[in-house]
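A short write-up of the structure that comes next.
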Amino acid sequence: MKPAHLLLTAGLALLAACDDDPARQDPTPDAAGDQGLAPDEGPQVLPDAGPADAAPDAAPDAFIPPPILDAPLAWVYLDDPTTNDGMLSQVPLHRVTDPEGKLTSESVQVFNCLNEEGGLVAHPDLGGFTLEVSLCHEVQTARPDPDGNYLSIRPPVDALGTPAPGDPNDPFAEVMMYHHVNRVHDYFKEQHRFTDLDFPLPAIVNLQFKIDPPLPIPGFMPGPDGWYPFPNAAFFPRESWNELASSLGLPGRDSDSIIFGQAGHDFAYDARVIYHEYTHAVVGTSRLQVPAGVDRYGLDGSPRAMNEGLADYFAGTLANGSAIGVFGIGELAPDQVRDLADARICPDDLFDEVHADGRVIGSTLWAVREALGPQVTDRIVFRALEQFTEGTTHQIAAELILAEAEAEGPDVAAQVREIFGRFGFIDCERAIPWARFRAQGSRDGLPHRVEGRSTVGIPGFGQGVPAYKQQYVDVPAGAAGVTLSWQPEGAGAGLIPGAGAGPRPSRSSRAPARPSRCSRAARRPTWPTPATRRP
Amino acid sequence: MLARAALIAGFVASPAVASPTAARTQAAFDALQREQPGVRAVWRGGQPMLITGLRAVAPGASAAERAAAFIEARIDLVGRVNLQVEDVDVSGERSVVRFAQVHGDLRVADRSVVVTLDAGGRVTRVLNDAVPLVEVRPATIDAARARAIATEKVLGVALPGGVVSQPRKVVFAEGGYGVEGFLVLVARGPGQVVEVRVDGADGQVFGQRDTVLR
Chain A
1 MKPAHLLLTA
11 GLALLAACDD
21 DPARQDPTPD
31 AAGDQGLAPD
41 EGPQVLPDAG
51 PADAAPDAAP
61 DAFIPPPILD
71 APLAWVYLDD
81 PTTNDGMLSQ
91 VPLHRVTDPE
101 GKLTSESVQV
111 FNCLNEEGGL
121 VAHPDLGGFT
131 LEVSLCHEVQ
141 TARPDPDGNY
151 LSIRPPVDAL
161 GTPAPGDPND
171 PFAEVMMYHH
181 VNRVHDYFKE
191 QHRFTDLDFP
201 LPAIVNLQFK
211 IDPPLPIPGF
221 MPGPDGWYPF
231 PNAAFFPRES
241 WNELASSLGL
251 PGRDSDSIIF
261 GQAGHDFAYD
271 ARVIYHEYTH
281 AVVGTSRLQV
291 PAGVDRYGLD
301 GSPRAMNEGL
311 ADYFAGTLAN
321 GSAIGVFGIG
331 ELAPDQVRDL
341 ADARICPDDL
351 FDEVHADGRV
361 IGSTLWAVRE
371 ALGPQVTDRI
381 VFRALEQFTE
391 GTTHQIAAEL
401 ILAEAEAEGP
411 DVAAQVREIF
421 GRFGFIDCER
431 AIPWARFRAQ
441 GSRDGLPHRV
451 EGRSTVGIPG
461 FGQGVPAYKQ
471 QYVDVPAGAA
481 GVTLSWQPEG
491 AGAGLIPGAG
501 AGPRPSRSSR
511 APARPSRCSR
521 AARRPTWPTP
531 ATRRP
Chain B
536 MLARAALIAG
546 FVASPAVASP
556 TAARTQAAFD
566 ALQREQPGVR
576 AVWRGGQPML
586 ITGLRAVAPG
596 ASAAERAAAF
606 IEARIDLVGR
616 VNLQVEDVDV
626 SGERSVVRFA
636 QVHGDLRVAD
646 RSVVVTLDAG
656 GRVTRVLNDA
666 VPLVEVRPAT
676 IDAARARAIA
686 TEKVLGVALP
696 GGVVSQPRKV
706 VFAEGGYGVE
716 GFLVLVARGP
726 GQVVEVRVDG
736 ADGQVFGQRD
746 TVLR
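Quick note, the sequences are listed as chains A and B, same order. Mapped onto this note's numbering, the consecutive letters of the first sequence carry residue numbers 1 to 535. Mapped onto this note's numbering, the consecutive letters of the second sequence carry residue numbers 536 to 749.
Here is the structure:
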């Protein structure tokens with residue numbers, strides 16, 4: 001059954017093609033009191049705990065399409081429900097390009113994946129085992145009010161007016177996504193002249209799926225209604241989405257996309273999670289993709305880690321706040337929220353999990369930002385990023401950012417170099433003292449990752465794979481030998497954005513090592529192909 | 536077995552400083568530095584991986600032509616690699632030209648050269664992940680077999696080719712040694728698509744990474 005089970009998980013791809021439902025064109029009109037606000041009147045703040053205003057009935061035979069405003073107003077969380085203490089702010093949205101007022105602009109096309117019939121259904125071939133995978137129904141549900149604004153769309157509440165954040169179909173998620181993707185798109189375009197994403201990037205909110213019969217899947221449990229919550233958000237390269245779709249016999253997409261799950265709380269409510277995933281799209285598929293390189297210390301996982309760390313940095317700088325995932329991650333695992341103001345240093349804080357290790361560049365750049373301000377820091381980081389390759393490492397990234405800093409002036413460069421040195425972002429020696437280590441007690445509860453011959457991704461390791469860092473032992477003079485012991489544990493894939501899954505012991509094979517001789521010489525790098533600077 | 540041993544040797548042994556290639560590279564860099572004292576480099580394996588502080592004029596009508604001309608003129612510095620323009624990003628006052636390393640008509644995975652030019656068309660930086668290949672073992676399996684191997688490894692069952700995504704034949708390399716192989720995308724689990732690396736010579740899976748970023 002193992003093959004069938006694995007195939008089953010492949011069948012949960014959630015990824016429906018974009019269809020639309022013309023029946024959903026009856027927006028709830030908002031109270032007349034919201035009309036007439038000009039976009040430049042500044043943000044207004046509203047507590048979110050209250051029932052949506054009663055909708056006055058329109059004349060049955062006199063439907064007039066809402067006007068398409070240049071800057072229609074809407075309520076959003078500027079950050080997220082936690083950071084904003086439940087307060088909504090009124091903002092002008094980008095003009096929609098859809099004549100019916102669906103939330104499509106030149107930068108984003110937002111779909112709500114509804115828990116209802118009508119989504120695509122696949123029947124993966126499991127070798128005689130019949131299974132039905134139902135995807136939520138992708139629809140653009142949000143429509144303007146009769147006055148052209150979107151102010152009637154607010155976070156869902158129950159009959160008593162209590163916030164009901166688990167609504168799997170709420171259009172407020174669409175509005176959040178629309179506003180914040182347009183905002184992050186404009187940031188990259190206006191601040192950095194980045195135009196590669198000048199098209200309506202598909203963005204899907206409220207993602208869930210259903211399988212029949214319901215089966216247990218690691219990390220996923222169906223709710224009472226049979227729908228499986230999806231506790232994550234992700235950037236899907238076009239080829240990956242299409243592979244997933246094709247494996248289910250579903251149509252693909254012609255561009256990259258970003259997806260946001262619904263898991264009792266809504267990942268689309270967290271602006272910084274949106275910015276994070278969007279930044280992955282900016283980095284693209286030709287930069288920072290190599291899982292590991294190899295140098296004199298062993299494996300170097302910094303390219304993919306920097307992909308995550310830069311996504312955090314740009315999310316934080318745009319939001320002008322250092323904590324990433326306060327709501328999106330924090331509702332599930334508060335201790336996994338990534339605060340870039342919390343310094344992470346190479347090599348001490350490397351655990352070989354991309355989000356955790358990404359905190360090295362993330363916190364380093366945040367410190368630079370604190371010293372130089374966002375304008376200069378964002379500029380030198382983005383300009384360096386433009387030159388990154390698939391396998392750019394911490395060392396090379398640091399040198400490129402420094403080169404950009406030098407173009408800003410010697411004082412800027414000196415400050416950047418000092419901070420880089422303090423965080424170990426440059427000239428990091430990935431060797432730490434051997435010490436008792438337990439994954440559960442580590443800083444983020446993470447184990448150290450150990451690659452295998454079939455995962456490392458570098459040819460030529462058929463006989464064995466080095467670790468990501470070295471550990472050294474200071475041996476007293478006269479010692480006859482050193483005994484090392486360890487207990488390997490398995491760990492699953494991360495299900496929370498920015499967090500690897502907690503350690504899940506899968507094997508308990510205490511394996512005392514043969515007594516071996518170690519000396520201080522072990523502290524010196526023993527893996528050749530050195531990276532050294534010459535004048 | 537010998538070839539695999541050579542592969543390992545290719546990355547664990549940094550080129551001897553006294554080797555003719557390393558000596559030529561060092562001489563080329565010394566010459567460049569005499570011309571432009573502000574030039575700096577980060578070295579890896581006897582080759583400058585990143586060169587900064589440049590202000591090098593190169594002929595050509597476009598950024599890509601100038602970048603290519605610079606590389607051709609400094610072949611001992613960059614290494615004798617086959618490159619193909621992959622992308623040119625012109626943003627305001629500068630251009631970034633991205634070359635992919637190729638071997639015959641195959642892309643070399645994870646290997647590229649990025650050349651940055653200023654508004655005046657002068658080369659200012661070179662980031663070089665490419666390394667000359669001295670030996671590439673040919674594939675003995677085809678794309679369909681590679682896909683079956685990859686899906687069996689990831690899903691536990693061999694599947695035929697996908698409808699949209701076919702395995703991409705490339706060269707995998709470490710150091711100067713390479714092998715033809717395949718990049719295969721395999722859907723696994725909710726929202727997970729794994730890129731599997733299959734050694735085309737011995738049919739072994741040696742790499743798996745999730746292509747969906749969270």
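For each residue, glycine too, the CB sits at the ideal point set by N, CA and C.
> Closest by CA to residue 403 of chain A, which one among B:656, B:669 and B:661?
Replying inline: B:661
>> For residue 732 of chain B and residue 149 of chain A, I'd like the C-alpha separation in whole angstroms.
In response: 50 angstroms
> What does residue 403 of chain A reach in chain B if we use C-beta pairs closer than 8 angstroms?
Replying inline: The CB of residue 403 of chain A comes closer than 8 angstroms to the CB of 587, 588 and 660 in chain B, given here in chain order.
> Can you list the alpha helix (DSSP H) stretches of 4 or more residues lying completely in the stretch 590-650 of chain B, in chain order?
Replying inline: Runs of the alpha helix (DSSP H) inside the stretch 590-650 of chain B: 598-608 and 610-613.
>> Using C-beta distances below 7 angstroms, list every residue in its chain close to residue 701 of chain B, excluding the 5 sequence neighbours before and after it, in chain order.
In response: 678
> Looking at the C-beta of residue 633 of chain B, does it have a partner C-beta in chain A at a distance below 8 angstroms?
Replying inline: Yes, contact with chain A.
> Checking contacts by CB at 8 angstroms: is residue 717 of chain B closer than that to chain A?
Replying inline: Chain A, which has no Cβ nearer than 8 angstroms to the Cβ of residue 717 of chain B, makes this no.
> Do the stretch 368-378 of chain A and the stretch 388-399 of chain A touch if we need at least three Cβ pairs shorter than 8 angstroms?
Replying inline: no
>> Does residue 419 of chain A come out as helix, strand or coil in the three-state DSSP assignment?
In response: It is helical.
>> Runs of 3 residues minimum, wholly inside the stretch 331-378 of chain A: which ones carry the beta strand (DSSP E) assignment?
In response: Listed in chain order, there is nothing to give.
>> Rounding to the nearest angstrom, what Cα-Cα distance links residue 614 of chain B and residue 665 of chain B in this structure?
In response: A straight line joining the alpha-carbon of residue 614 of chain B with that of residue 665 of chain B spans about 8 angstroms.
> Whose C-beta lies closer than 8 angstroms to the C-beta of residue 611 of chain B among residues of the same chain, with five residues either side of it excluded?
Replying inline: 559, 560, 562 and 563
> Given a limit of 8 angstroms on CB to CB distance, which residues of the stretch 426-458 of chain A reach chain B?
Replying inline: In summary, the residues of the stretch 426-458 of chain A whose CB is separated from some CB of chain B by less than 8 angstroms are 453, 454, 455, 456, 457 and 458, in the order they occur in the chain.
> Per DSSP, residue 113 of chain A is paired with what?
Replying inline: Looking at the DSSP assignment, residue 113 of chain A forms a beta bridge with A:138.
> Per DSSP, residue 663 of chain B forms a beta bridge with which residues?
Replying inline: B:648
> Within 10 angstroms of its Cβ, does residue 27 of chain A collect 16 or more other Cβ (buried), or is it exposed?
Replying inline: Confidence in residue 27 of chain A is poor, its pLDDT being 36 and thus under 50, which makes the residue's placement unreliable; the coordinate value appears in the next sentence. When all chains shown are included, residue 27 of chain A counts as buried.
> Which residues in the same chain have their Cβ closer than 8 angstroms to the Cβ of residue 413 of chain A, if we skip the five residues on either side of it in sequence?
Replying inline: 402, 405 and 406
> Going along chain B, which residues have a C-beta under 8 angstroms from residue 396 of chain A?
Replying inline: 577, 584, 585 and 662
> Around the C-beta of residue 64 of chain A, are 16 or more other C-beta atoms found within 10 angstroms, so that it is buried, or is it exposed?
Replying inline: It counts as exposed.
> Would you call the stretch 422-435 of chain A and the stretch 339-359 of chain A in contact, with 3 or more CB pairs under 8 angstroms?
Replying inline: yes
> By Cβ distance below 6 angstroms, which residues in the same chain neighbour residue 680 of chain B in space, the five residues on each side in sequence not counted?
Replying inline: Within the same chain, residue 680 of chain B has no close Cβ partners at all.
>> Tell me the rounded alpha-carbon separation between residue 377 of chain A and residue 181 of chain A.
In response: 22 angstroms
> Going straight from the alpha carbon of residue 67 of chain A to that of residue 145 of chain A, what length do you get?
Replying inline: 9 angstroms
> Where DSSP assigns a beta bridge to residue 104 of chain A, which residues make up the other side?
Replying inline: According to DSSP, which records beta bridges pairwise, residue 104 of chain A is partnered with A:109.
> From A:307, A:201, A:225 and A:243, pick the residue whose C-alpha is nearest to that of residue 167 of chain A; which is it?
Replying inline: A:225
> Would you report the Cα separation of residue 208 of chain A and residue 652 of chain B, rounded to the nearest angstrom?
Replying inline: 47 angstroms
> Short check: CB of residue 172 of chain A to CB of residue 155 of chain A, under 8 angstroms?
Replying inline: Residue 155 of chain A is positioned such that its CB atom lies closer than 8 angstroms to that of residue 172 of chain A.
>> Run through chain B and tell me which residues come within less than 7 angstroms of residue 94 of chain A, C-beta to C-beta.
In response: What residue 94 of chain A touches in chain B: nothing, since even the nearest Cβ is about 23 angstroms away.
> What are the boundary residues of the beta strand (DSSP E) that includes residue 302 of chain A?
Replying inline: Unbroken run through residue 302 of chain A is the alpha helix (DSSP H), 302-319; no beta strand (DSSP E).
>> Does residue 569 of chain A pass the burial test, meaning 16 or more other C-beta atoms within 10 Å, or should it be called exposed?
In response: In the structure as shown, chain A starts at 1 and stops at 535, and residue 569 of chain A therefore has no counterpart that could be examined.
>> Please report the straight-line C-alpha distance between residue 357 of chain A and residue 334 of chain A, rounded to a whole angstrom.
In response: When rounded, the distance between both Cα atoms is 18 angstroms.
> Using the beta-carbon of each residue, which ones in chain B are nearer than 7 angstroms to residue 280 of chain A?
Replying inline: 748
> Between which two residues does the alpha helix (DSSP H) carrying residue 392 of chain A extend?
Replying inline: Taken as a continuous stretch (DSSP letters only), residue 392 of chain A belongs to no alpha helix (DSSP H), as it is neither H nor E.
> Which one of A:355, A:429, A:485 and A:236 has the shortest CA to CA distance from residue 438 of chain A?
Replying inline: A:485
> With a CB to CB cut of under 6 angstroms and the five nearest residues on each side skipped, what residues in its chain are close to residue 602 of chain B?
Replying inline: Apart from sequence neighbours up to five positions away, the residues of its chain that approach residue 602 of chain B with a beta-carbon distance below 6 angstroms are 632 and 650, ordered along the chain.
>> What does the Cβ neighbour count give for residue 85 of chain A, buried or exposed, with the cut at 16 atoms within 10 Å?
In response: exposed
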